[in-house]
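Heads up: the structure comes next, in structure tokens.
Chains as they are written, first to last, in the working numbering: chain A, 136 to 316; chain B, 3 to 275.
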């Protein structure tokens, strides 16, 4: 019974001849799948994949922008720092120069004052010497006259003659002093 | 089995070795199903393969519906799996063969084809169904026909009538006197043999795979008597091995089918040289 059926089935059906109803159902089944995927589901996922790609690229761009900014800020700071160092060095140099000038000025001023003081001293000494000299001369003359008057016993009234005698005496003294020196 | 509606399995369950009963070998009859509804002679009927085909569509759509209905930029697990499959076909098959610019248009077709065929093949090892829908020639044939119409119409659209004829025949003046013969062979190969082999490659692989599985399954049961039990064990191990092998072949054949589809489309787009 079974064998007969098998033989009958093989006679009826060639496995390479497609039965029409199966063809139709196969077509319907595939078209349904294709319709859903092509019209709804794949566009859905494509949109999301695109969004994801953009999100990733946006993130990268943001990071790059941040890095560029950080770099520029760093350079700015470095430049500022270098400028500050330069400024400090300049100020120090200037201060040193100013200090040196100041010292030189002070020194010159001191020198000048010293010289002034010395000159004033000298002048004072000279003046004192002169005053002393003239005072001494008068005193010596008067003492000598008095002495001579006492010795001579008479006053040397004649003033003019007296003066001449004194002067001559003094000159003799001076000459002697010169000679002794 | 075709004429016995009470028979559910592909073989007779009361037949064992040493019982004076011949081995109920699987054959063409294993691929014939009594209609669940309607009459086989009237060609208006509904049988198991049709049910599996439609159910397979529902499963494929259901899977992608669940994964891609509300896709997120940061994907969940299901979306990630579906994306991996989608990306594999899109980049690994379409972009690789047709190129990104020209291929984008055909991505939905190729993705649908791959997952539809894979599901139809997978029925082979899904318990209770256990029948690869693609081992009925009608299903690969209709898919191959869709592909055929796509690339042939594309060739005409792209190259015009003369250009398309040159494309189909592989027209090349340098062939000299053998040119007519070469053109005839190319025309035959491209327009007639190509869609046939495209469909039969998938059909035959699934047909043979199912036959092998049936053979070892039936043998495991048939040998389960007396000393035959030892052989039944070996046969059962083969069932497991072949099931794993079929799992691989199912995915591979679906891949080969869509890869060929892309190659045909690429050939249709290519400038004739």
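The beta carbon of each residue, even a glycine, is placed where N, CA and C say it ideally should be. Treat the numbers as computed from the prediction; the structure is a model and nothing was measured.
Interface flag, residue i vs chain B, CB-CB below 8 angstroms
| i | result |
| --- | --- |
| residue 162 of chain A | yes |
| residue 155 of chain A | yes |
| residue 195 of chain A | no |
| residue 173 of chain A | yes |
| residue 150 of chain A | yes |
| residue 208 of chain A | no |
| residue 187 of chain A | yes |
| residue 176 of chain A | yes |
| residue 158 of chain A | yes |
| residue 190 of chain A | yes |
Residue range of the beta strand (DSSP E) that includes residue i
| i | result |
| --- | --- |
| residue 48 of chain B | 46 to 48 |
Distance between residue j and residue i (C-alpha atoms, nearest Å)
| i | j | result |
| --- | --- | --- |
| residue 39 of chain B | residue 47 of chain B | 5 angstroms |
| residue 78 of chain B | residue 213 of chain B | 39 angstroms |
| residue 16 of chain B | residue 45 of chain B | 33 angstroms |
| residue 247 of chain B | residue 175 of chain B | 47 angstroms |
| residue 230 of chain B | residue 94 of chain B | 48 angstroms |
| residue 237 of chain B | residue 151 of chain A | 30 angstroms |
| residue 149 of chain A | residue 154 of chain B | 28 angstroms |
| residue 108 of chain B | residue 272 of chain B | 15 angstroms |
| residue 5 of chain B | residue 28 of chain B | Per-residue confidence for residue 5 of chain B stands at a pLDDT of 41, beneath the threshold of 50, marking its modelled position as unreliable; the derived number appears in the next sentence. Going by the C-alpha atoms only, they are around 15 angstroms apart. |
| residue 182 of chain A | residue 245 of chain B | 38 angstroms |
| residue 199 of chain A | residue 191 of chain A | 12 angstroms |
| residue 243 of chain B | residue 250 of chain B | 11 angstroms |
| residue 255 of chain B | residue 203 of chain B | 8 angstroms |
| residue 35 of chain B | residue 49 of chain B | 6 angstroms |
| residue 263 of chain B | residue 112 of chain B | 8 angstroms |
| residue 85 of chain B | residue 18 of chain B | 49 angstroms |
| residue 33 of chain B | residue 239 of chain B | 24 angstroms |
| residue 205 of chain B | residue 135 of chain B | 9 angstroms |
| residue 3 of chain B | residue 71 of chain B | For residue 3 of chain B, the pLDDT reaches just 36, beneath the cut-off of 50, and the residue's location in the model is therefore unreliable, although a value from the coordinates is still provided. One C-alpha to the other measures close to 43 angstroms. |
| residue 89 of chain B | residue 188 of chain A | 14 angstroms |
| residue 302 of chain A | residue 296 of chain A | 10 angstroms |
| residue 255 of chain A | residue 241 of chain A | 21 angstroms |
Beta-bridge partners of residue i, as assigned by DSSP
| i | result |
| --- | --- |
| residue 40 of chain B | B:47 |
Endpoints, the alpha helix (DSSP H) within which residue i is located
| i | result |
| --- | --- |
| residue 298 of chain A | 294 to 315 |
| residue 108 of chain B | It is not in any alpha helix (DSSP H) - residue 108 of chain B carries neither H nor E in the DSSP assignment. |
| residue 21 of chain B | Note, residue 21 of chain B: premise wrong, no alpha helix (DSSP H); not H, not E. |
| residue 227 of chain B | Per DSSP, residue 227 of chain B belongs to no alpha helix (DSSP H) and is neither H nor E. |
| residue 85 of chain B | 79 to 91 |
| residue 171 of chain B | 140 to 171 |
| residue 354 of chain B | Residue 354 of chain B lies beyond the residue range present for chain B, which begins at 3 and ends at 275; the question has no answer from this structure. |
| residue 170 of chain A | 155 to 171 |
8 angstroms Cβ cutoff, residue i in contact with chain A
| i | result |
| --- | --- |
| residue 28 of chain B | no |
| residue 35 of chain B | no |
| residue 52 of chain B | yes |
| residue 67 of chain B | yes |
| residue 282 of chain B | It is not possible to answer for residue 282 of chain B, since the shown part of chain B is limited to 3 through 275. |
| residue 85 of chain B | yes |
| residue 58 of chain B | yes |
| residue 71 of chain B | yes |
| residue 107 of chain B | no |
| residue 222 of chain B | no |
| residue 95 of chain B | no |
| residue 63 of chain B | yes |
Near the ligand SAM: residue i beta-carbon under 7 angstroms from a heavy atom
| i | result |
| --- | --- |
| residue 243 of chain A | No copy of the ligand SAM occurs in the structure displayed, which carries no ligand at all. |
*Give a yes or no on contact between the region 142 to 162 of chain B and the region 156 to 171 of chain A, applying the rule of three or more CB pairs nearer than 8 angstroms.*
A contact is defined here as three or more CB-CB pairs under 8 angstroms, and the region 142 to 162 of chain B meets this definition with respect to the region 156 to 171 of chain A.
*Inter-stretch contact (C-beta, 8 angstroms, three-pair minimum) for the region 182 to 190 of chain B and the region 213 to 232 of chain B*: With a cut-off of 8 angstroms, the region 213 to 232 of chain B and the region 182 to 190 of chain B do not count as touching, because too few Cβ pairs lie within range.
*Give a yes or no on contact between the region 201 to 214 of chain A and the region 98 to 114 of chain B, applying the rule of three or more CB pairs nearer than 8 angstroms.*
Cβ pair count under 8 angstroms is below three, so no.
*Count the C-beta pairs between the region 62 to 71 of chain B and the region 167 to 176 of chain A that are closer than 8 angstroms, then say yes if the count reaches three, no if not.*
The region 62 to 71 of chain B is in contact with the region 167 to 176 of chain A.
*Three-pair Cβ contact test at 8 angstroms for the region 173 to 182 of chain A versus the region 124 to 132 of chain B*: In short, these stretches do not touch, since the Cβ pair count stays below three.
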